[in-house]
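Visitor:
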Amino acid sequence: MTLYIVEALLWTLVAALALAAAVKGRILFRDGVREGAMDFLRLLPKVLIGVVGSGFIAAIMPPDIMARWLGPESGFLGVVIAVLGGAFTPGGPVVGFSIGAAAIKSGAGAPQVIAYITAWALYAVQRFFLWELPIMPRRLVWLRLIGSLPLPFIAAAGAMLLGRP
Amino acid sequence: MTTAEPTPPPLPPIIKRRKRKPFDWSTAGIGLVMTTAAAIVFFRDGRDRFLEILYTDLRLFGDVLLKVAAGCLIGAFLARLLPRELVAKWIGAESGFLGLLIATLLGAVLPGGPVTIYPIASAFLVVGADVGATIAFITSWTLLGYTRALVWEIPFFGLDFVIWRTLISLPLPIIAGLLARVVARMVAKNWGNT
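Just so you know, the sequences run in chain order B and V. If you read the first sequence in this note's numbering, its first letter stands for residue 1, the second for the next number, and so on. If you read the second sequence in this note's numbering, its first letter stands for residue 1001, the second for the next number, and so on.
1. Cβ of B:PHE8 less than 7 Å from any chain V Cβ?
2. Residues of chain V with a CB under 8 Å from the CB of B:GLU73: which are they?
3. Quick one: residues in its chain with C-beta nearer than 7 Å to the C-beta of B:LEU28, no 5 flanking neighbours on either side, listed in chain order?
4. Since V:ALA1038 and B:PHE56 should fall inside the 8 Å C-beta cutoff, what is the C-beta to C-beta distance between them, to a whole number of angstroms?
5. Taking the alpha helix (DSSP H) that V:SER1140 belongs to, which residues open and close that run?
6. For a contact defined as C-beta to C-beta under 7 Å, what are the partners of B:ILE60 on chain V?
7. At 9 Å on the CB atoms, spell out the chain C contacts of B:ALA18, in chain order.
8. Nearest chain V C-beta to B:TRP120 closer than 7 Å, yes or no?
9. Look at the alpha carbon of B:GLU73 and the alpha carbon of B:ALA110, and state the distance between them as a whole number of angstroms.
10. What does the Cβ neighbour count give for V:LEU1086, buried or exposed, with the cut at 16 atoms within 10 Å?
11. Is any non-hydrogen atom of the ligand GDP found closer than 6 Å to the C-beta of B:LEU122, if you look at the structure I gave you?
12. What do you get for V:TRP1164, buried or exposed, if any count of 16 or more other CB atoms within 10 angstroms of its CB means buried?
13. So, V:VAL1127 versus V:ALA1184, is the Cβ gap smaller than 7 Å?
14. For chain B, is any of its Cβ atoms less than 7 Å away from the one on V:GLU1162?
15. Quick test of your reading: V:ILE1135 and V:ALA1176, contact by CB under 8 Å. State the CB separation rounded to the nearest angstrom.
16. What residue range is occupied by the uninterrupted alpha helix (DSSP H) comprising V:GLY1056?
17. Could you confirm whether any beta carbon from chain B is found closer than 7 Å to the beta carbon of V:ASN1190?
18. Drop a sphere of 10 angstroms on the beta-carbon of V:ARG1080, count the other beta-carbons inside from all chains shown, and report buried for 16 or more, exposed for fewer.
19. Need the endpoints of the alpha helix (DSSP H) that V:MET1186 sits in, please.
20. Would V:LEU1179 pass as an interface residue toward chain B - the criterion being a Cβ-Cβ separation below 7 Å?
21. Are the Cβ atoms of B:ALA119 and B:PRO150 separated by less than 7 Å?
22. Find out if the Cβ-Cβ distance for the pair B:LEU10, V:PHE1061 is shorter than 7 Å.
23. Comparing C-alpha positions only, which one of B:GLY107, B:ILE114, B:ARG144 and B:SER98 sits nearest to B:PHE128?
24. Helix, strand or coil: which one does DSSP assign to V:ALA1088?
25. Using a Cβ-Cβ cut-off of 7 Å, state whether B:ILE146 counts as contacting chain V.
26. One question on the structure: do B:GLY158 and V:ILE1174 come within less than 7 Å of each other, judged by their Cβ atoms?
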């Protein structure tokens, strides 16, 4: 249900932008549609590989071992492992959340899981190569990566300070 | 109103992208890893489990398609519509700390998931946004975007955890933007502007 709310929001925005472009000129509108469509077609095979493959990756990951490494007593080392695990968890919307949720259920610490999710969201290696490098200017990609490096650790520290929800 | 104008205003330069084949080496590498994982599942867990995962993922792919298409169109239109002066003023090179705040707010409220952010961020940069603000925007969308939390995170973790994580993540986009600015300045100083 929430899925359709998001889609409705996105396409409302598309419609508003398309209308604004059409008001400004036909060429502007046509170029926008054409470039958007070309980008979409270019992304399609990558999205297919990423989404379809991520389920298989999640299936071969051993959740019991991950939970042991990320337990509440694992401390800073656990956070480091979580960050590395997050970085090497394939991108896509589900994998990181499902592994994180599985880890928390099997006894992983909340700061470690926060670090894991944050690292996965910010620098999943697969997403980096699959989407960021092809789409964005190289300078932006590298600067973003450098700027993001300390964030999972700061998030974990914040989680330790604030305590569990 | 702009309707009275006989000619459209000067277009911002269109994003220069290197021509790429749909499958470059990194995509091929990922494909290989995915195929290996799929093969392991097939031979270890059997055909039924393999098909079950495949069907789930294909349905997910179908769900994501519309969002990806919307993201590409939003990016393409934004690059043409965003007035350079406005972007430069709000999140441009001179926008300072306020620019980082505005970019963070923008990232948190614009709808979409991780798939849609990159074309839009590129568009921002093309029309004159500061690199630190653009990075704050991406980071905010990644960590604070409410659509992502609504669609994916709450079903897995529950509302309490998500609110807690979001609170902790609030300052992170600003930190990333500030850090990126510092590094960009250092790079420009030591190796010339790239």
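Glycine is no exception: its CB is placed at the ideal position from the N, C-alpha and C atoms. Treat the numbers as computed from the prediction; the structure is a model and nothing was measured.
Guide: Based on what the coordinates show:
1. Correcting the residue identity first, residue 8 of chain B is Ala in this sequence and not Phe. It does not: the Cβ of B:ALA8 has no partner Cβ on chain V nearer than 7 Å.
2. In chain order: nothing, as chain V lies at least about 20 Å away.
3. ALA21
4. 4 Å
5. 1131-1144
6. ALA1037, ILE1040 and VAL1041
7. Among the protein chains of the structure shown, namely B and V, there is no chain C.
8. no
9. 11 Å
10. exposed
11. Among the ligands in the structure shown, none appear at all, so the ligand GDP cannot be discussed.
12. buried
13. no
14. It is worth fixing the name first, because residue 1162 of chain V is Val in this sequence and not Glu. So no, V:VAL1162 is outside the interface.
15. 5 Å
16. Residue 1056 of chain V is actually Thr in this sequence, not Gly. That run of the alpha helix (DSSP H) goes 1047-1081.
17. no
18. buried
19. 1172-1191
20. yes
21. no
22. no
23. B:ARG144
24. helix
25. yes
26. no
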